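Colleague: Once you've had a glance at the structure underneath, I'll fire off some questions.
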Amino acid sequence: MKKQKKLAGLQKRKAISGYLFILPFIIGFLAFMVTPLFQSLYMSFCNVELGPGTFANQWVGLANYRRALLQDIEFNRFLTESLGKLVVNSIAVMVFSFFVALVLNQKFKGRALVRAIFFLPVILSSGVILGVEYDNALLSSMQDMIAESSTGASITGAIKDILVTSGVGVRAFEKVFEVVDGVYDIAITSGIQIIIFLSGLQTISASMYEAAQIEGCTAWESLWKITFPMISSLLLVNWIYTIIDFCMRSDSDLMEKIDDEMVLQLNYGFSSAMAWIYFAVVIVLIAVSSLIISKVVYYYD
Amino acid sequence: MTKTATKTAARTNTLGARAAAFWERNKKSQNYLLKKTAMNVCVKIIRAVLLFGLCFLILQPLLNKISISFMAEEDLYNAMVIAIPEHFTTDNYKLAASFMSYGASLRNTIIVSLTTAVLQIAMCTLVGYGFARFEFPLKKFWFACVILMIVIPPQTISSSLYLHFRFFDIFGILESTTGSTINLRGSVLPYYLICAGCMGLKNGLYIFMIRQFFRNIPKELEEAAYVDGCGTLKTFIRIMLPDATPILTSCFLFSFVWTWTDNFYTRLFMGKVPLLAKQLPIIADRLSQYLQNEFNIGGGASLGYTNCIIATGTLMVIVPLLMLYLVAQKGFVESLSSSGIKM
Numbered sequence: 001m002k003k004q005k006k007l008a009g010l011q012k013r014k015a016i017s018g019y020l021f022i023l024p025f026i027i028g029f030l031a032f033m034v035t036p037l038f039q040s041l042y043m044s045f046c047n048v049e050l051g052p053g054t055f056a057n058q059w060v061g062l063a064n065y066r067r068a069l070l071q072d073i074e075f076n077r078f079l080t081e082s083l084g085k086l087v088v089n090s091i092a093v094m095v096f097s098f099f100v101a102l103v104l105n106q107k108f109k110g111r112a113l114v115r116a117i118f119f120l121p122v123i124l125s126s127g128v129i130l131g132v133e134y135d136n137a138l139l140s141s142m143q144d145m146i147a148e149s150s151t152g153a154s155i156t157g158a159i160k161d162i163l164v165t166s167g168v169g170v171r172a173f174e175k176v177f178e179v180v181d182g183v184y185d186i187a188i189t190s191g192i193q194i195i196i197f198l199s200g201l202q203t204i205s206a207s208m209y210e211a212a213q214i215e216g217c218t219a220w221e222s223l224w225k226i227t228f229p230m231i232s233s234l235l236l237v238n239w240i241y242t243i244i245d246f247c248m249r250s251d252s253d254l255m256e257k258i259d260d261e262m263v264l265q266l267n268y269g270f271s272s273a274m275a276w277i278y279f280a281v282v283i284v285l286i287a288v289s290s291l292i293i294s295k296v297v298y299y300y301d
Numbered sequence: 302m303t304k305t306a307t308k309t310a311a312r313t314n315t316l317g318a319r320a321a322a323f324w325e326r327n328k329k330s331q332n333y334l335l336k337k338t339a340m341n342v343c344v345k346i347i348r349a350v351l352l353f354g355l356c357f358l359i360l361q362p363l364l365n366k367i368s369i370s371f372m373a374e375e376d377l378y379n380a381m382v383i384a385i386p387e388h389f390t391t392d393n394y395k396l397a398a399s400f401m402s403y404g405a406s407l408r409n410t411i412i413v414s415l416t417t418a419v420l421q422i423a424m425c426t427l428v429g430y431g432f433a434r435f436e437f438p439l440k441k442f443w444f445a446c447v448i449l450m451i452v453i454p455p456q457t458i459s460s461s462l463y464l465h466f467r468f469f470d471i472f473g474i475l476e477s478t479t480g481s482t483i484n485l486r487g488s489v490l491p492y493y494l495i496c497a498g499c500m501g502l503k504n505g506l507y508i509f510m511i512r513q514f515f516r517n518i519p520k521e522l523e524e525a526a527y528v529d530g531c532g533t534l535k536t537f538i539r540i541m542l543p544d545a546t547p548i549l550t551s552c553f554l555f556s557f558v559w560t561w562t563d564n565f566y567t568r569l570f571m572g573k574v575p576l577l578a579k580q581l582p583i584i585a586d587r588l589s590q591y592l593q594n595e596f597n598i599g600g601g602a603s604l605g606y607t608n609c610i611i612a613t614g615t616l617m618v619i620v621p622l623l624m625l626y627l628v629a630q631k632g633f634v635e636s637l638s639s640s641g642i643k644m
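Heads up: the protein sequence lines correspond to chains A and B, in order.
Throughout the first sequence, residue numbering follows my numbering, covering 1 to 301 in sequence.
Throughout the second sequence, residue numbering follows my numbering, covering 302 to 644 in sequence.
Take a look at the structure:
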């Protein structure tokens, strides 16, 4: 109230019109986000029983959470697996999209065409099409066949064998090979990130590079001394976007388990509890990682 | 003959001259020029190979689907046939169209995507403008809510949203007056309600981008409008909106496309409305049903043929989007990259 009184005349009018403008959001947020969110939080502490035409909640305390974390044989494994995948994939997407944006920012013949192709996945790999793509058994069986028939000819396979038998950091190499094998997934999920990085690259003024070149900077040096710091504020945006995008995908084992519990077993309480654990872990991950990244970020202005 | 001969001679001459000049300059710069040129050519070749490979990687599934969709069943098992079908046929398209009831679904999908996209962007524009150009108490808090909304996966709240619309009620008013709640599930209405409340698919992202755009418009423009006697609403409609056309187009296109392919909200709310995104996943079941009924083949269709039909169906779903992308590619990409998304 005290603050309201301080705003007088024009300022007050502006505050009121500002609230009028964001009114749809406030109503929607309260009705379709806060209410369901609290309801699902409440449900995660309950056993939900669906009756004809109604449903009843029965308070059971932490039982659902205990069941998910301590009793369920799959949940912990799925959770750690999808988190590990999330981290590796997100880093790969960041590196890939940064690299591609660098290349696409250069001048060469047919750039418009290449750009158009790289952004194609933004529209083609969303929603149901992605799901259908993943179910495509023909493609995967064909891939298996190709992999079987060409074990001798595979370059990555040969490198893999050499590196693995040399015994240095086997686990780290395995992660790298996972990423290399999944380069298609990475390429089709990094459309938006490429656009964001490209928009950042275009705002860097050419005079900066010119000055560096005159001072004797090589292209490699100016990449790390100019491009990287100038674009680092977008790292944060892209990192968060990538993580969220990955979490929203419904094709992971964990999401399937949550969906199954809800749709097939009608275990609304248990599935809400699992969704909440996943959500909490992801939020913590985002918070910690963005804190670390924001230390590195350099703001030009 | 002589003319072309002299022309080529002249060209070789100039080429020779140019080469001579190049070696001359190279000598003067102590082989620096040669190294640099060789380096440039190398970079160009590597870049071309890399980009070609990546583009092929992205396009290959699409091309693969196109070639498969024209194949007759026996071509799928023929090891000789890889890309070009031996028995060219359009039967797959006819079958897939009948399985998806393509005409009706397409019409419905266009209507739903268009209306929801317009509604979403209209609401998000209002909200984004409010966040960008006005100072009011608790602004930071509400904006944090927008960020929170982007972060929360819709799966977390799907179960309770489902129950919410299954037993729909406005703050208990309906139940006390008529004694029962309405089942809003199975119609388009819940989706419209959600869009009107800016809670649809990725709406937080649109709010964020639109706010970012409006923040970059100079304050003087707005003040000039106020001085000239424009009200708040008039300034918004006459001064700000025309400026924001590029970002609004790009948000609209994204919203349209993502609604088109979305199967989360559609599955949740529109149980009975035939939409392409909902017809596509069940196309395989339809195929085995059809084979069962028409030809009495039990056990469903073969794996290869099922996938052929799925590929055809997928193509039919994305072809309208592809055409849209070809026409409005600038709207998708250029405006987004010019808007400058930053934190």
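Ideal Cβ placement from N, Cα and C applies to all residues, glycine included.
Quantities reported herein were computed from a predicted structural model and do not represent experimental measurements.
In the structure shown, what three-state DSSP assignment does residue 381 (chain B) receive?
Modeller: In the second sequence, counting from the first residue as 1, residue 381 (chain B) sits at position 80. Coil, per DSSP.
Colleague: Could you work out which residues of chain D lie near residue 19 (chain A), taking near to mean beta carbons separated by less than 7 Å?
Modeller: Annotation note: the requested chain D is absent from the structure, which comprises protein chains A and B.
Colleague: According to the Cβ coordinates, are residue 205 (chain A) and residue 297 (chain A) closer than 7 Å?
Modeller: Residue numbering aside, residue 205 (chain A) sits at position 205 when the first sequence is read from its first letter. Residue numbering aside, residue 297 (chain A) sits at position 297 when the first sequence is read from its first letter. It is not a contact, given that the beta carbons lie outside the stated cut-off.
Colleague: One question on the structure: do residue 422 (chain B) and residue 556 (chain B) come within less than 7 Å of each other, judged by their Cβ atoms?
Modeller: Here residue 422 (chain B) is taken as the residue at index 121 of the second sequence, counted from 1. Here residue 556 (chain B) is taken as the residue at index 255 of the second sequence, counted from 1. Yes, they are a contact pair.
Colleague: Taking the straight line between their C-alpha atoms, what separation do you get for residue 415 (chain B) and residue 558 (chain B)?
Modeller: Counting from 1 along the second sequence, the entry for residue 415 (chain B) is found at position 114. Counting from 1 along the second sequence, the entry for residue 558 (chain B) is found at position 257. So the two alpha carbons sit approximately 9 Å from each other.
Colleague: Please go through the same chain and pick out, in chain order, the residues whose beta-carbon is closer than 7 Å to the beta-carbon of residue 192 (chain A), but skip the five residues on each side of it.
Modeller: As a first step, residue 192 (chain A) must be located in the first sequence, where it is residue number 192. Contacts found: 122 and 241.
Colleague: Which bits of chain B does residue 37 (chain A) rub up against, with CB to CB less than 9 Å?
Modeller: What you label residue 37 (chain A) is simply residue 37 of the first sequence in a count that begins at 1. By Cβ distance, chain B contributes 453, 457, 458 and 461.
Colleague: Terminal residues of the continuous alpha helix (DSSP H) containing residue 204 (chain A)?
Modeller: As a working mapping, residue 204 (chain A) is identified with position 204 in the first sequence. Unbroken run through residue 204 (chain A): none, as it is neither H nor E.
Colleague: Just verifying my parser: in three-state terms, what is the DSSP assignment at residue 571 (chain B)?
Modeller: Position 270 of the second sequence, counting from 1, holds the residue named residue 571 (chain B). Here residue 571 (chain B) sits in coil by DSSP.
Colleague: Go ahead and label residue 84 (chain A) buried or exposed: buried means 16 or more other beta carbons lie within 10 angstroms of its beta carbon, across all protein chains shown.
Modeller: The residue you call residue 84 (chain A) lines up with position 84 of the first sequence. Exposed, because fewer than 16 other Cβ atoms sit within 10 Å of the Cβ of residue 84 (chain A).
Colleague: Out of curiosity, what's the CA-to-CA distance linking residue 319 (chain B) and residue 175 (chain A)?
Modeller: For this step, residue 319 (chain B) is matched to residue 18 along the second sequence. For this step, residue 175 (chain A) is matched to residue 175 along the first sequence. Roughly 51 Å separates the two Cα atoms.
Colleague: Examine chain B for any beta-carbon lying closer than 7 Å to the beta-carbon of residue 217 (chain A), and answer yes or no.
Modeller: Here residue 217 (chain A) refers to the residue found at position 217 of the first sequence. No, because no Cβ of chain B sits closer than 7 Å to the Cβ of residue 217 (chain A).
Colleague: Tell me the rounded alpha-carbon separation between residue 302 (chain A) and residue 544 (chain B).
Modeller: Nothing can be reported for residue 302 (chain A), as the shown portion of chain A is limited to 1 through 301.
Colleague: So, are the CB atoms of residue 293 (chain A) and residue 235 (chain A) less than 7 Å apart?
Modeller: Position 293 of the first sequence, counted from the start, is the residue given in the question as residue 293 (chain A). Position 235 of the first sequence, counted from the start, is the residue given in the question as residue 235 (chain A). Yes, Cβ-Cβ distance for residue 293 (chain A) and residue 235 (chain A) is below 7 Å.
Colleague: When the Cα atoms are used, what is the spatial distance from residue 627 (chain B) to residue 317 (chain B)?
Modeller: If you number the second sequence from 1, residue 627 (chain B) lands on position 326. If you number the second sequence from 1, residue 317 (chain B) lands on position 16. If I take the Cα positions, the gap works out to 44 Å.
Colleague: Take the Cβ of residue 299 (chain A) as the centre, count every other Cβ of all protein chains shown within 10 Å, and call the residue buried at 16 or more, exposed below.
Modeller: As a working note, residue 299 (chain A) is residue 299 in the first sequence. The residue in question, residue 299 (chain A), is exposed, as its Cβ has fewer than 16 Cβ neighbours within 10 Å.
Colleague: Is residue 511 (chain B) near residue 426 (chain B), with beta carbons less than 7 Å apart?
Modeller: Translated into positions along the second sequence, residue 511 (chain B) becomes position 210. Translated into positions along the second sequence, residue 426 (chain B) becomes position 125. Taking 7 Å as the Cβ cut-off, residue 511 (chain B) and residue 426 (chain B) qualify as a contacting pair.
Colleague: Considering only the alpha carbon of each residue, which of A:228, A:89, A:277 and A:286 lies closest to residue 40 (chain A)?
Modeller: Within the first sequence, residue 40 (chain A) is the residue found at index 40, counting from 1. When only C-alpha atoms are compared, the closest one is A:277.
Colleague: My assumption, with CB atoms under 8 Å, is that residue 401 (chain B) sits in contact with residue 522 (chain B). Please give the rounded CB distance.
Modeller: As a first step, residue 401 (chain B) is located in the second sequence; it is residue number 100 there, counting from the start. As a first step, residue 522 (chain B) is located in the second sequence; it is residue number 221 there, counting from the start. The pair is not a contact, with the Cβ atoms about 49 Å apart (cut-off 8 Å).
Colleague: Cutting at 6 Å between CB atoms, please list the residues of its own chain near residue 13 (chain A), excluding the five before and the five after it.
Modeller: The residue you call residue 13 (chain A) lines up with position 13 of the first sequence. Nothing meets the Cβ criterion.
Colleague: Taking DSSP's pairing of strands, which residues face residue 59 (chain A) in a bridge?
Modeller: Reading the first sequence from its first residue, position 59 is the one you call residue 59 (chain A). According to DSSP, which records beta bridges pairwise, residue 59 (chain A) is partnered with A:46.
Colleague: When we look at the beta-carbon of residue 275 (chain A) and count the other beta-carbons within 10 Å, is it buried (16 or more) or exposed?
Modeller: Locating residue 275 (chain A) in the first sequence gives position 275, counting from the first residue. The residue is buried, with at least 16 neighbouring Cβ atoms inside 10 Å.
Colleague: Less than 7 Å between CB atoms is the rule here; does residue 431 (chain B) satisfy it with respect to chain A?
Modeller: Your numbering for residue 431 (chain B) matches position 130 in the second sequence. Yes - at least one Cβ of chain A is within 7 Å of the one on residue 431 (chain B).
Colleague: Should residue 321 (chain B) go down as buried or exposed, given a rule of 16 or more other Cβ atoms within 10 Å for buried?
Modeller: Taking the first residue of the second sequence as position 1, residue 321 (chain B) is located at position 20. Answer is exposed; the Cβ neighbour count stays below 16.
Colleague: Closer than 9 Å between beta carbons: that is the criterion. Which residues of the region 273 to 289 of chain A meet it against chain B?
Modeller: Answer in chain order: 275, 276, 278, 279, 282, 283 and 286.
Colleague: Kindly identify the DSSP beta-bridge partner or partners of residue 389 (chain B).
Modeller: For the purposes of this step, residue 389 (chain B) is identified with residue 88 of the second sequence, where counting begins at 1. The partner list for residue 389 (chain B) (beta bridge, DSSP) reads B:372.
Colleague: With distances taken between CB atoms, is the gap from residue 243 (chain A) to residue 188 (chain A) smaller than 7 Å?
Modeller: For the purposes of this step, residue 243 (chain A) is taken as the residue at position 243 of the first sequence. For the purposes of this step, residue 188 (chain A) is taken as the residue at position 188 of the first sequence. Contact: no.
Colleague: Contact criterion: CB-CB distance below 7 Å. Does residue 298 (chain A) meet it with respect to chain B?
Modeller: Position 298 of the first sequence, counting from 1, holds the residue named residue 298 (chain A). Judged by the 7 Å Cβ criterion, residue 298 (chain A) is not in contact with chain B.
Colleague: Is the beta carbon of residue 199 (chain A) within less than 6 Å of some heavy atom of the ligand ZN?
Modeller: Inclusion of the ligand ZN in the displayed structure is not the case, the ligand content being empty and no account of it being possible.
Colleague: Which of the three DSSP states, helix, strand or coil, is assigned to residue 22 (chain A)?
Modeller: For this step, residue 22 (chain A) is matched to residue 22 along the first sequence. The answer is coil: DSSP assigns residue 22 (chain A) none of H, G, I, E or B.
Colleague: Would you say the region 560 to 580 of chain B touches the region 616 to 626 of chain B, given that touching needs at least three Cβ pairs under 8 Å?
Modeller: In short, these stretches touch, since the Cβ pair count reaches three.
Colleague: State the CB to CB distance for the pair residue 647 (chain B) and residue 450 (chain B), rounded to an integer number of angstroms; the pair is presumed to be in contact (CB under 8 Å).
Modeller: It is not possible to answer for residue 647 (chain B), since the shown part of chain B is limited to 302 through 644.
Colleague: Does the beta-carbon of residue 428 (chain B) have 16 or more other beta-carbons within 10 angstroms, so that it is buried, or is it exposed?
Modeller: Walking along the second sequence from the start, residue 428 (chain B) turns up at place 127. So residue 428 (chain B) ends up on the buried side.
Colleague: Here's the rule I'm using: 16 or more other beta-carbon atoms within 10 Å means buried, otherwise exposed. How should residue 11 (chain A) be labelled?
Modeller: Position 11 of the first sequence, counted from the start, is the residue given in the question as residue 11 (chain A). Under this definition residue 11 (chain A) is an exposed residue.
Colleague: Check distances from the C-beta atoms of the region 243 to 260 of chain A to those of chain B and list, in chain order, the residues that come in under 8 Å.
Modeller: Of all residues in the region 243 to 260 of chain A, 244, 247, 248, 250, 255, 258 and 259 have a Cβ within less than 8 Å of some Cβ in chain B.
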